[in-house]
Structure formats: structure tokens, C-alpha cells
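Worksheet: the structure to be examined is printed underneath.
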């Protein structure tokens, strides 16, 4: 990825001085970035703007400024949302410069160790067996209302309290003693709508990347995505052995951990042999698309990683790229052409909070609009700053809870101004953060936060009567 | 310059300790604007009300501490760079007032409001605030008024000063002035509104502006005219000026600008040529716009355009303007340091200025490209260089020197819209004689006898040397020349 401490570390092994001079020289100090930066928007201080961070990083790297707690604060509060990169006319790699400066040895004693909540999370997502326990664990957490307990202990154990804040946005977890999905989902998640057709080689076989948190916590979103792909007439292959993408580890500078996760995923999907690797988590997708550069220095894996990355597509981008309707069996193949599932308007006013690593790293902006315009029966209304980070930013909300909440509250004011019933986003971290925001803003019950695939599936899925009649609108 | 502990304690009492900064990292963050020569202040203070500005300036006057007012730090002449040290007065928090009054067609705007936010607020009421400096997404109204900012639309609609009806200004001792008002006509007393507009923070600190708004023109379209000779494009500018209609914007790009922009972000249009004119027309309806476009197409062809393209739709117009917007970014791919001049000539001399710029480019062997607001003679010759190469930078400095001489010889001015600031002070005496400079010095002395407000900016250094704490350092640094 273009940002993230890990990406920097990956590229710094061969000496970086000329590189940073070149990067610094690119900045014309025009400040086109300032208006897009959430931390500058909340704090209004130049040091918390992208231009300020570039200039402070430059002063540190050139030895004009000694690393100290204040310069650490400027640099370390960067969300790595990459909004500045999109706004910059010169494509200044802001986060790369920030991370280079933060890698200066003098910062090491000043930098706080990753807090316990972060370490716990990084450890958990890296191990399939902990993930397997996560869902029942969260069910227990919700049943016993441990969140309240954790919050009340917040003055003594702040990391536990910040974890509880985030966990409050989780959907109700199904009981581990009833393995079937909860009843309310039953009509929504049938077996494949139409029998999966056997498609000709190269005609669009897809495999689905589940993700760790996404699959553990938002399994319904993954199911909805898969149903949408099947409704599009595609065969969705499974890829056993896949796991966490490694994004959080990469952003925390744990590059070797991220590389081994990358290798595991690449191998799993090679075995499945799909043409496309579709995913429904914007942050994970961005990382998957950067495996090529992450493993570029590994002779055994470089070309495999590049090939894998080139196949990765976000669910919105993928669906919006399909033609509107397929000719039923009229093409000479043994199935219909893959096509965009037809949606019916829902009586909803919808707004979109672009997920940073989907819009700014993967460059996916218009597909969400294309897909949701026919869904939003009461209109698709843009937020004043749809592509500005909500403050979730990986584990930022655990590390910098106060600033993350200030950014979130500003975002919720924007949401209120749209009068939307549904805020659509495209990444699990954003969903959790925005649900917390809805609760903080007193909008519980009025505003739902949904992944784009969830809402799309609501508008595509057959009604009960259609299902009973055996019809499929796929 | 020294700031005493007692003065800092007074500041902290005034605005609270969390808005006074002296950490070296904070000082780096407030050491620059969009030019290339930073200077560290001794402290930075953020203010949130006119009253705080007033009490702060009273303190600073008493302690003789230089004060450098700063909006968003997007200026292109060094106006917000705290050379000589002292205090950076960050005004971007004066952003809570933004009211649009359709009944009077005015907006009342805090100095820290971002220009684009005013544009949007006006548009929401069907009104229009035309000044559109390139940095409008970041720059503040206070900075726009202090620098008298322009932009492409000034050809038809005028610059910032044509929209300032009233100002709230704080003087060096803390006195708060309310000047002008909400009326289009107003001849009561001296026109101090105009005096403070473009005064570059040297006479007072602007805290609020009352701005004139006009009806939004609903229809617009874009033409692109391609030439085999840059001078013919320049002659077209003169012809359009005489034959009309007045375009909303009239921008010129030379061959190098077109080539770099197209290589950077291809427009998908066939724009190869020696020169490109981009022309926007607007009006009350599509018939009027269509008629203007037809007449301008005729003028362009009559002046030697090889090809004229009228945008078929908003998307194609957008792609054409994308070419213009890409130039700045595209040319720094060639060399990283961009020296953006804005010497300006009368419209009739645009063709001659173009010829002289070509001669300057050849004489000094510099990478000079021409793209800018040709319609108002504000050509923006840009030189790209490598600031880490002293020999090249010396050639650039000689070329810049010649550009100023050429503009003045043609009856033009050192700066059309960027201001004099720090960068052009040493050229000031080429345009202004002793009598003019004495008159300006008298104005400065009348408003700021202690020379604490943006000392050493805008006026030639010999006019303020020895008068204030910041003047001496300014002189020394100036002798080093144009170091972009």
C-alpha cells in the first residue's frame, strides 16, 4: 500500500535518502490537502494537516528538527486514510514521508508501545482458532453485558474501555448453541438462488475472500456478497486455508507477519484457481492488491503475488462492472452471461460514507453510487465530505480514542444533515465506528449503518412469495 | 527579536495556554507559506475572536513584538512567512461567521472562512462570489482580502477588491475599525476599505469582511482554440478584447504546458499544437452562451487558429479544464522546483510579452513555460528548476530579473495577484519612484508607527529599514536574492 508503516519498512532496506528528498521536493506547499484531512478539520492546527506533516517530517529527516513528543504527536496522529493523496495535485506520498520520519531511531524511546487492546487484536486475527472462538466469545460478551462492566472500569483500564466502545457497534451475535443463522436471516440467505451454472473457462469464475473480522463479526455481509455474485449468474468457488489479510499488522510495522499471511492467502487462492478474487472489506482489499509490492523482493513469491493482486476486486467495483442484464441462455454458452443483479427500490434515503482504503487506495468511488442509485427509493444523498475518514482507521480508534471520537462526532453531524435512514459503507472497521457514532449521536433506531452488499441484497433478494413460487429474479 | 517570558505569559492569559505554541515542531509547522523560503517564528498563537485580536495587538504593540498575520498559508509571495521572528497570528479559527443575505446580496464572512465555503454558501442561495484563486479550497477570505486575490474569472468579473464592501480591521494598538458597509454606494470618509484590501497585513489585521454577491450565471460552455504559433494565440487575446464578448475565463497554454499536461493526465482530445487557448463563456441561458461561443469561435479563426473545438457537454468541458489544472503538477515532474511569477502586462502587449519570454528562455537556458490568465495580461511565466543546483538557480534568478524588466518596459506591473510580500520587495523601486514610496511609507507610519505588523513585507526594505524590530533581518536575507 502507499501508506502504512509496514509498507515503508518494506521499501527502506536499501537506503532511502535520495527517495525522501525527491518526495519532499514534490510538495509545493499549496495546501490543497488541508481541506480533506480529518485531523486538520477537527484540530485546525497546521501541524495536524498533511502539508504540516510533510514539512515536519522533512525537517526531521533533514536534521533541522530533533524528534520530540510534539513532532511525534503531529506524525503519529495521521490516520493513514490517504485522502490527502487523492487531493494532492503532485501525488506527494504523505504517509510514506510520515512513516519514514517515524522510523527515525530517536523516536523509538518516545513512541508508545502498541496498547494492549491493539496487541490483543493483532494476535487474535492472526490465528484461525482464536477467530473460531471470537464469535461465541462475542456472543458471551453481549449476553453477559460485559461491555458495561468494561466501560465502568474505564478509569482504571482505559484500553478495555476503548475496546468496549468499539464492540458496542457489533451486530447481535448468534448463539453458538444454535448453529443455524438466526431466524430473521433465513429468508434472506437461501441456498444459491439459481443453480450455479458451469461457466466456460475464463468467463468469470470468482472466489470469495472472507477476511478475519469481516467473517467473524459480519458473516452476514459476506453471505450477502456471495448471494449477490450468485444472483449475477456466477459460480463462487471456496478457497479453504485463507485467513487474515495482514493489513493491521502491516500498518503496525509487523511486516514479516503480514508477509507470511500474504503467502498463506496466495497459496489458498491459487488452489481455487479463480479468475477474480472478490472481497467485501475495503481495507483488506487494498492490502490484497498490494501483495505484489509486499512480496516483490521474494524471488519465489514475487510473480505469484503480483498475479494474485491483479485478480483482486471489491464487491462493489465487481458488480458495477457487470452488464445490466444477461441474455437468458441466448449466447450459445450453457448459462446466462454474468450480469448485474436487478434491484428494486427500497423506501429509504441513503447516504454513502466511502471507506478510505476503498476510495483513496483502490480508487473505487463511482461503483457504490451506480449500484445504490436504483436502491435508494427516497434518494441517494451525498455527505458533505463522503470520502473523509470516520476515525476508525484500522486500530486508530483504539490507540487515539479521543481524537477518533472527535472525528466521528463531526462525521455524524454530516450524517444528520443528509436526513438519511441508512449510511452505507464498505469496510467492517467503518461499520463498527459509524454504529458507535449513531449511538453517540442519539440516532439509534433512526439511522442504520450497513455494508453496501447488505443493502444491495435487501433490494435484490426474492421476497418470500417469490421464493415459494420458485421464481428467481437473478 | 526576542519574545520575553512575560509576554508569553500575557498571551497565555489572553487566549489560554493551549492556543500558544513555542515547541520547535509547532514553529516548523508555521514557518512557511506556498513559497520556498521558510523562517521560524518565536511563537504561534491562535485566536478565535476580534476581541482576542484586539487585546493581542495591544500587548504586541506595547512589547514591540512583530506580528505576522496568517490565514491558511497558501500565499505565493511570502506574506505569511515570519521572517525576522516574532509571533505568527493564526486567524483560521475566525471561521464561525458566514451569513449570506439575498435581500442585500451580501455575505458577512469571518476572516478564517475558506473561500470555497463562501462559494458554496452563495451558490446555495442562487448567488455568486466570483474571485477564484487557484487555492480556493484551502485559502481564507481574510488572506484573499489582504492580498487582493484574483483568479481566472477576474477578466469578466474583477478581483477581490471589486467585491469588498465593508471590513472589520484591528489596528496595531488594538483599535477595532468598522469600515464601509452593506451598500454598493458609500462615499462617507476616505475609502479605507480599498486601502486595507491588498495591504498584505502591514496596516491592520482583517477580522471580518462584508462582500458583494451577484446572481449566478446559470449557463456556461467552453471553447478550445489550437494554434501553430504562440504569438497568434496572443494576438487572439487582443482581438477578443476588442471584439468581445467578454469571456468568463481566457487561459493560454504554450506547447510545453500542453505536452506535459497531456503526458501527465491524457485528456483523450487531440490537442497537439504550439498553443492552446481555453475560453469559458457564461450567461443567463444556453442561447446566449451559444451565441457568445459562436462569435468567439469566429474571432479565434480570424486570428489564425488552426482548429476550434466547442465543448459538446459539461464532461468534455471538464476534460478541457483538466488540461489546464494538470499543468502545475505536470511540469514539476520535469524538475521539482517551480518558480511561479505573475508579472502582468496590459492586454495589448500580451503578444510582445510572449515574444520577450521566448527570448528570455533562450538567453538563460531555463525551462520556462507559459500558462495562465492571458485575457487579463497575467501570463504566469513559470520556471522549473532544481533548487539543489546552485548554478541553475543563478540562471533562474537572472531570468526572473529579465521578466520583471520586460513587464515594466511594456507598461505592466511586478505582480498581478500574488502580492509583493518578501519575494518581490527588492524589485519594488523599479516600478515605484521615490515619491510613491514616500507616500506609502507615510501610510504605513500612520497606521503602524511601531512597525510591528508584518514588518518588512510589501514595502521596499529601504523604506522601512531601521524602523522596527523585523526590518534589519529582512534586509540581510533579501540580499541573498530570489531563492525559491
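Residue numbers (our numbering), protein chains in the order written: chain A, -18 to 455; chain B, 1195 to 1678. Idealized CB from N, CA, C, for every residue including glycine.
Within chain A, partners of residue i - CB distance below 7 Å
i	result
residue 1286 of chain B	25
residue 1590 of chain B	Residues of chain A passing the Cβ test: none, with the nearest at roughly 15 Å.
residue 1268 of chain B	11 and 12
Residue i to residue j span [Cα, whole Å]
i	j	result
residue 1265 of chain B	residue 1475 of chain B	32 Å
residue 218 of chain A	residue 289 of chain A	15 Å
residue 1357 of chain B	residue 1372 of chain B	16 Å
residue -3 of chain A	residue 26 of chain A	For residue -3 of chain A, the predicted model reports a pLDDT of 43, less than 50, meaning its position is unreliable and no value from the coordinates is stated.
residue 1367 of chain B	residue 1251 of chain B	6 Å
residue 235 of chain A	residue 249 of chain A	22 Å
residue 373 of chain A	residue 1412 of chain B	40 Å
residue 220 of chain A	residue 195 of chain A	16 Å
residue 1555 of chain B	residue 1255 of chain B	47 Å
residue 1522 of chain B	residue 1488 of chain B	30 Å
residue 0 of chain A	residue 336 of chain A	29 Å
residue 1198 of chain B	residue 1274 of chain B	22 Å
residue 1374 of chain B	residue 1392 of chain B	16 Å
residue 65 of chain A	residue 14 of chain A	5 Å
residue 1314 of chain B	residue 225 of chain A	43 Å
residue 1363 of chain B	residue 1645 of chain B	17 Å
residue 1298 of chain B	residue 1352 of chain B	20 Å
residue 1632 of chain B	residue 1639 of chain B	10 Å
residue 216 of chain A	residue 295 of chain A	17 Å
residue 1510 of chain B	residue 1429 of chain B	26 Å
residue 1202 of chain B	residue 1605 of chain B	48 Å
Counterpart residues of residue i in DSSP-defined beta bridges
i	result
residue 1532 of chain B	B:1578
residue 500 of chain A	Missing from the structure shown is residue 500 of chain A; chain A here goes from -18 to 455 and no further.
residue 246 of chain A	None; residue 246 of chain A has no bridge partner.
residue 1334 of chain B	B:1308
residue 295 of chain A	A:260
residue 108 of chain A	In the DSSP output, where bridge partners are listed per residue, residue 108 of chain A has none listed.
residue 1352 of chain B	None, per the DSSP bridge assignment.
residue 1321 of chain B	B:1409
residue 1419 of chain B	B:1471 and B:1502
Contact belief for residue i with residue j at Cβ below 8 Å, rounded distance in angstroms
i	j	result
residue 10 of chain A	residue 1227 of chain B	7 Å
residue 1361 of chain B	residue 1322 of chain B	In fact, because the Cβ distance is near 21 Å, the residues do not count as touching under 8 Å.
residue 116 of chain A	residue 40 of chain A	Rounded, the Cβ-Cβ distance is 48 Å, inconsistent with contact.
residue 1535 of chain B	residue 1594 of chain B	6 Å
residue 375 of chain A	residue 392 of chain A	Between residue 392 of chain A and residue 375 of chain A the Cβ distance is about 17 Å, and since that is not below 8 Å, they are no contact.
residue 1346 of chain B	residue 1445 of chain B	6 Å
residue 276 of chain A	residue 353 of chain A	Actually they do not touch by this definition, with Cβ atoms about 35 Å apart.
residue 1260 of chain B	residue 1279 of chain B	7 Å
Endpoints, beta strand (DSSP E) assigned at residue i
i	result
residue 1427 of chain B	Taken as a continuous stretch (DSSP letters only), residue 1427 of chain B belongs to no beta strand (DSSP E), being part of the alpha helix (DSSP H) at 1424 to 1437.
residue 1443 of chain B	1443 to 1448
residue 1475 of chain B	1469 to 1477
residue 1362 of chain B	1358 to 1364
residue 1217 of chain B	Careful: residue 1217 of chain B lies outside any beta strand (DSSP E) and carries neither H nor E.
Continuous alpha helix (DSSP H) stretch holding residue i: start and end
i	result
residue 272 of chain A	272 to 275
residue 1400 of chain B	No alpha helix (DSSP H) holds residue 1400 of chain B; the beta strand (DSSP E) holding it covers 1399 to 1406.
residue 1545 of chain B	1544 to 1558
residue 1201 of chain B	1199 to 1209
residue 222 of chain A	Run containing residue 222 of chain A: none; DSSP gives neither H nor E here.
residue 50 of chain A	50 to 57
Partner residues on chain B for residue i, Cβ-Cβ distance less than 7 Å
i	result
residue 52 of chain A	1219
residue 78 of chain A	Result: empty, since nearest Cβ-Cβ is about 14 Å, beyond 7 Å.
residue 46 of chain A	1218, 1219 and 1222
residue 31 of chain A	Chain B residues near residue 31 of chain A: none, gap ~11 Å exceeds 7 Å.
residue 70 of chain A	1522 and 1523
8 Å Cβ cut-off: residues of chain A touching residue i
i	result
residue 1159 of chain B	Past the edges of chain B, shown from 1195 to 1678, lies residue 1159 of chain B, and the structure says nothing about it.
residue 1307 of chain B	Neighbours of residue 1307 of chain B on chain A: none; closest Cβ ~12 Å, over 8 Å.
residue 1226 of chain B	10 and 36
residue 1502 of chain B	Simply none; closest approach about 28 Å.
Interface partners of residue i on chain B, CB under 8 Å
i	result
residue 55 of chain A	1219 and 1223
residue 456 of chain A	The structure shown does not extend to residue 456 of chain A, since chain A spans only -18 to 455, so no value can be given for it.
residue 16 of chain A	1308, 1310, 1331 and 1332
Contacts that residue i makes with chain A (C-beta to C-beta distance below 9 Å)
i	result
residue 1329 of chain B	11, 12 and 13
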